[in-house]
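Counting from 1, one number per residue, gives the positions in the sequence shown under full-length UniProt numbering. All residues carry an ideal CB built from backbone N, CA and C; glycine is no exception. Computed from a prediction, not measured in an experiment: that's the story for all the values here.
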Amino acid sequence: MFIEGLNLEKSYGAGEVKTEVLKGIELKLNKGEIGVILGPSGSGKSTLMNIIGGVDRADGGSVSIDGIEITRLSDDQLTEYRRESVGFIFQFYNLVPNLTVSENIEVCSNISKSPLKIDEVLEAVGLLDKKNRFPRELSGGEQQRVSIARAIVKNPKLLLCDEPTGALDFQTSRSILKLLQQVNKKYGTTILMITHNGAIGAMANRVFKLRSGQIVEETMNQTIVPAERIEW
Ligand code: ADP
Ligand code: MG
1 MFIEGLNLEK
11 SYGAGEVKTE
21 VLKGIELKLN
31 KGEIGVILGP
41 SGSGKSTLMN
51 IIGGVDRADG
61 GSVSIDGIEI
71 TRLSDDQLTE
81 YRRESVGFIF
91 QFYNLVPNLT
101 VSENIEVCSN
111 ISKSPLKIDE
121 VLEAVGLLDK
131 KNRFPRELSG
141 GEQQRVSIAR
151 AIVKNPKLLL
161 CDEPTGALDF
171 QTSRSILKLL
181 QQVNKKYGTT
191 ILMITHNGAI
201 GAMANRVFKL
211 RSGQIVEETM
221 NQTIVPAERI
231 EW
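Structure (structure tokens):
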């Protein structure tokens with residue numbers, strides 16, 4: 001297994017205001033697969049993703065990524081894991097407004113060390129011709145493409161996408177999901193994506209339904225629907 005989360009527990013606060021957010025989560029995904037975590041707002045999706053991405057720590061249980069138990073790493077080792085191995089994509093793109101498209105990607109790449117070149121990833125997301133534009137000059141979908149280019153320039157083993165289409169219209173969402181499928185195929189990147197849109201589960205190998213901090217259902221899809229054919 002590429003991702004192996006076992007019995008994950010997480011609470012916020014203490015005493016009377018203690019909230020259990022994750023209550024014994026099991027989540028497994030093979031290398032090169034796309035997994036979708038489906039669940040309503042507040043069910044613990046982002047908390048789970050942050051633990052898998054090494055942004056946050058669980059209170060109990062373990063996470064292994066590609067054979068390394070990240071829950072046992074020191075803070076410095078965890079930071080290194082996150083920097084080297086994980087790409088993040090968020091609902092609101094998180095681009096730096098006063099940097100151009102290519103500068104936004106450059107700040108996240110170690111030019112001499114990056115496995116992929118800036119022009120290569122811009123080509124992959126279809127924005128090579130906009131490399132000198134600023135984020136405000138781009139549509140929402142284009143800004144999300146920049147954030148995908150920024151995430152993949154280091155050729156991460158794992159791409160974590162937290163509601164990547166949450167701010168986009170239907171057609172644009174489809175094109176972003178299609179791009180993520182292409183990245184998965186082209187670079188073999190394992191993708192774990194959060195959404196509250198059930199239809200998106202059709203493009204994933206595995207779908208995990210999360211309710212109040214527990215996986216209530218796991219589905220394996222035999223056939224993967226190309227993102228451009230998803231209906232919702
Ligand atoms: P989702 O992504 O599914 O909407 P989250 O993982 O963001 O859910 O949050 C799950 C629950 O944990 C929510 O009730 C939220 O208020 C709470 N929570 C999340 N982060 C924190 C935090 N840093 N401190 C306190 N409570 C938090
Ligand atoms: Mg969330």
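Short Cβ contact (7 Å threshold) for residue i with residue j
i, j, result
"residue 155", "residue 115", "yes"
"residue 104", "residue 133", "no"
"residue 59", "residue 10", "yes"
"residue 140", "residue 168", "yes"
"residue 152", "residue 87", "yes"
"residue 61", "residue 8", "yes"
"residue 181", "residue 227", "yes"
"residue 29", "residue 2", "yes"
"residue 25", "residue 39", "no"
"residue 224", "residue 49", "no"
"residue 176", "residue 189", "no"
"residue 163", "residue 91", "yes"
Assigned exposure category for residue i - 16 Cβ within 10 Å defines buried
i, result
"residue 93", "buried"
"residue 41", "exposed"
"residue 220", "exposed"
"residue 174", "buried"
"residue 202", "buried"
"residue 74", "exposed"
"residue 157", "buried"
"residue 143", "buried"
"residue 183", "buried"
"residue 170", "exposed"
8 Å contact criterion, which residue i and residue j should meet: CB distance rounded
i, j, result
"residue 191", "residue 161", "7 Å"
"residue 205", "residue 33", "4 Å"
"residue 146", "residue 101", "5 Å"
"residue 72", "residue 54", "Their Cβ separation, rounded to whole angstroms, is 12 Å, which puts residue 72 and residue 54 out of contact at 8 Å."
"residue 119", "residue 127", "That pair is no contact at about 10 Å."
"residue 95", "residue 135", "4 Å"
Check your reading: residues with Cβ closer than 5 Å to ligand 1 heavy atoms:
12, 21, 41, 42, 43, 44, 45, 46, 47
Counting only runs of 4+ residues fully inside the stretch 139 to 214, write out the alpha helix (DSSP H) ranges in chain order.
140 to 152, 170 to 187
My parser needs the beta strand (DSSP E) runs of 3 or more residues fully inside the stretch 6 to 86; what are they?
Secondary structure in the stretch 6 to 86: the beta strand (DSSP E) runs of 3 residues or longer, each lying completely within the stretch, are 19 to 29, 34 to 38, 60 to 65 in chain order.
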